[in-house]
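Asks: First, the structure itself, so that you have it in front of you.
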Amino acid sequence: MSKFPIVIAFAAAVIALGYFAFVSDAAAYGGSAPETCANCHSMDSQYENWYHGAHENFAKCTDCHLPHDNFVVYYAEKGRQGAKDTFAFVTGRIPVAIRANEKTKSIIQANCVHCHEDAAETVVMGAQPFDRYCWDCHRDIAHGARGASSLPYQDSAIYPIK
123 MSKFPIVIAF AAAVIALGYF AFVSDAAAYG GSAPETCANC HSMDSQYENW
173 YHGAHENFAK CTDCHLPHDN FVVYYAEKGR QGAKDTFAFV TGRIPVAIRA
223 NEKTKSIIQA NCVHCHEDAA ETVVMGAQPF DRYCWDCHRD IAHGARGASS
273 LPYQDSAIYP IK
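With the working numbering, the residue at position 56 of the sequence shown is 178, and numbering never jumps.
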């Protein structure tokens, strides 16, 4: 049996995957540019509010939303979040209101404390209990007022109007 059809099929697959990687700029998703995170239209509001917010000159999306324990943990979580986001986008199951899940919240909280260690230590050593996320009080720091949703409203049960 001739191996020629197998070689042709393999070459076609390599060319198709290479073309897909080129057209989609797949290599960019391995990096940390905020513009890459904003490729998904559902993140427009978050990106715009970050761009005009307090963290724009100091932190990128990956600085807050990915763990920095080590290289393996970082890319494993980047892959998990990317696969989840890709699945949502491809299947059209993008939530109307994008909210961080518990795992992501713990990553973000750890990164807040890491970057703002002195301030966090003052809070922990203070009289008030340290039982809230940083963004419970500092809601508008990273993504604008009350979380910057692309929706014309906010979920007032989660984010009460002040």
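Glycine included, every Cβ here is placed at the ideal spot set by N, Cα and C.
In angstroms, rounded to a whole number, what distance separates the CA positions of Arg-161 and Gln-250?
Replies: The identity of residue 161 in the sequence shown is Asn, whereas the question assumes Arg. For Asn-161 and Gln-250, the distance between alpha carbons rounds to 40 angstroms.
Asks: Let me confirm a value: His-265 is counted as buried when at least 16 other C-beta atoms fall within 10 Å, else exposed. Which label applies?
Replies: His-265 is buried by the Cβ-count criterion.
Asks: By how many angstroms is the C-alpha of Phe-211 removed from the C-alpha of Val-246?
Replies: About 39 angstroms.
Asks: Please find out if some non-hydrogen atom of the ligand HEM comes closer than 6 angstroms to the beta-carbon of Glu-199.
Replies: Of the ligands one can find in the structure shown there are none, so the ligand HEM has no counterpart to examine.
Asks: My guess is that Ser-164 and Ile-220 are in contact by the Cβ rule of under 8 angstroms, so how many angstroms apart are they, rounded?
Replies: Confirmed, Cβ separation roughly 6 angstroms.
Asks: Cutting at 6 angstroms between CB atoms, please list the residues of its own chain near Lys-284, excluding the five before and the five after it.
Replies: Because Lys-284 carries a pLDDT of 49, less than 50, the predicted location of this residue cannot be relied on, and the following value inherits that uncertainty. Nothing meets the Cβ criterion.
Asks: For a minimum of 4 consecutive residues, which ranges assigned as the alpha helix (DSSP H) are wholly contained in the segment 151 to 202?
Replies: If we require 4 residues or more, the alpha helix (DSSP H) runs fully inside the segment 151 to 202 come out as 156 to 159, 166 to 173 and 183 to 187.
Asks: Would Cys-186 and Cys-159 be called neighbours here (beta carbons separated by less than 7 angstroms)?
Replies: For Cys-186 and Cys-159, no; Cβs fall outside 7 angstroms.
Asks: Do you know how far the Cα of Ile-263 is from the Cα of Gly-175?
Replies: Their Cα atoms are separated by approximately 7 angstroms.
Asks: Output needed for His-177: all residues of its chain with C-beta closer than 7 angstroms, excluding positions within five of it in sequence on either side, in chain order.
Replies: For His-177, where only same-chain residues beyond five positions count, the Cβ hits under 7 angstroms are Ile-263 and Ala-264.
Asks: Taking the beta carbon of Ile-230 as the centre, do at least 16 other beta carbons fall within 10 Å, making it buried, or is it exposed?
Replies: Flag for Ile-230 reads buried.
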